[in-house]
Amino acid sequence: MGAMTPLPSEPSAPPGAQHDRLILGLAVFSVFSVPLLLGLRYGGLDHSLVHLGIQCALRAGDGLALDAAMGGGSPLLAEPQSGVAYPITWLLWPVSNAEVAASLWTVVHLAVGAWSAALLGARSGLSRSGALALGAAYALSGTVLNLILHGAYISGAAWTPLVWAGAIGTFARVPRRRGPVEVAVGLGMLLLAGELQGF
């Protein structure tokens with residue numbers, strides 16, 4: 477029986493590329509936070525109502541089991557758009573103003589979208605600067621910015637590029653070990669966000 481040949485080593489990203497993508501996400505977050513600091517809010521009435529319902533339920537002491545503000549007392553956990561199990565929603569619960577929380581939801585997802593699109597660009601073979609340009613262009617594109625009006629789609633716009641990047645890494649000639657994890661994280665976040673329309 478012949479000796480087994482080892483798999484080729486996983487291709488590595490250029491030094492600092494992951495750091496650059498994180499900086500890009502933080503830059504997008506900062507730029508889109510400026511209107512919030514000026515007292516402006518991003519539209520997205522459907523998502524503002526969800527955040528308002530969550531806040532009312534928590535303030536009334538209903539907890540997450542029953543929601544008196546939404547659905548006539550139906551379980552908040554059964555409301556698909558509540559995103560109760562979604563980590564980004566957890567970060568926004570302490571925000572006292574529902575419109576600010578919904579606007580922060582949008583800003584965070586634009587930043588995640590820039591980061592994940594830059595990762596997709598890198599996985600697609602773009603140069604380091606090309607991948608960063610793709611991430612910035614994606615977050616600033618009219619198509620993605622138009623999704624601000626509907627919270628049901630902005631989380632999809634944020635996490636879908638991560639799913640594609642993971643798929644490219646999974647099915648590449650030399651598969652990346654992180655590829656299946658990225659697919660699972662991206663799909664899991666889409667599902668946990670409660671935005672089934674965006675899934």
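Our numbering runs 476 ahead of the 1-based position in the sequence shown.
Note that beta-carbon positions come from the ideal geometry of N, C-alpha and C, so glycine has one too.
Every value quoted in this text rests on a predicted model; they were computed, and no experiment measured them.
How should residue i be labelled, buried or exposed, when 16 other C-beta atoms within 10 angstroms of its C-beta is the threshold for buried?
i: GLY662; result: buried
i: VAL659; result: buried
i: VAL657; result: exposed
i: PHE505; result: buried
i: SER652; result: Before going on, a small fix: residue 652 reads as Arg here, not Ser. Looking at its Cβ environment, which holds 16 or more other Cβ atoms inside 10 Å, ARG652 is buried.
i: LEU513; result: exposed
i: THR481; result: Only weak support exists for where THR481 lies, its pLDDT of 49 falling under 50; the coordinates are left without a value.
i: TRP581; result: buried
i: SER485; result: Only weak support exists for where SER485 lies, its pLDDT of 48 falling under 50; the value from the coordinates is given anyway. With fewer than 16 Cβ atoms within 10 Å of its Cβ, SER485 is classed as exposed.
Measuring only the C-alpha atoms, how far is residue i from residue j?
i: TRP569; j: ALA577; result: 8 Å
i: LEU604; j: ALA536; result: According to the sequence shown, residue 604 is Arg rather than Leu. Rounded to the nearest angstrom, the two C-alpha atoms are 50 Å apart.
i: GLY645; j: ALA607; result: 15 Å
i: ALA574; j: SER600; result: 38 Å
i: SER579; j: ALA609; result: 24 Å
i: THR619; j: MET665; result: 21 Å
i: SER558; j: GLY670; result: 6 Å
i: TYR629; j: LEU586; result: 11 Å
i: LEU625; j: ARG649; result: 40 Å
i: GLY492; j: TYR614; result: 21 Å
i: GLY632; j: LEU668; result: 11 Å
i: PRO511; j: VAL571; result: 17 Å
i: GLY642; j: LEU602; result: 15 Å
i: LEU623; j: LEU638; result: 18 Å
i: LEU516; j: VAL507; result: 13 Å
i: GLN494; j: LEU567; result: 23 Å
i: ALA561; j: TYR518; result: 23 Å
i: GLY621; j: THR565; result: Going by the sequence as given, residue 621 is Leu instead of Gly. Whole-angstrom Cα-Cα distance: 20 Å.
i: LEU616; j: PRO563; result: 24 Å
Which residues in the same chain have their Cβ closer than 6 Å to the Cβ of residue i, if we skip the five residues on either side of it in sequence?
i: SER509; result: VAL583
i: TRP635; result: GLY662, MET665 and LEU666
i: GLY655; result: GLY642, GLY645 and THR646
Can you find the residues in the same chain that come closer than 7 Å, C-beta to C-beta, to residue i, ignoring five residues on each side of it along the sequence?
i: GLY611; result: ARG497, LEU500, ALA590, TRP591, ALA593, ALA594 and GLY597
i: TRP640; result: LEU596
I'd like the list of long-range same chain contacts for residue i, defined as Cβ closer than 8 Å, with 5 residues on each side in sequence excluded.
i: LEU502; result: ALA587
Go through the stretch 622-652 residue by residue and report every complete run of the beta strand (DSSP E) that reaches 3 residues or more, in order. Counting whole runs of 3 or more residues, the stretch 622-652 contains no beta strand (DSSP E) stretch at all.
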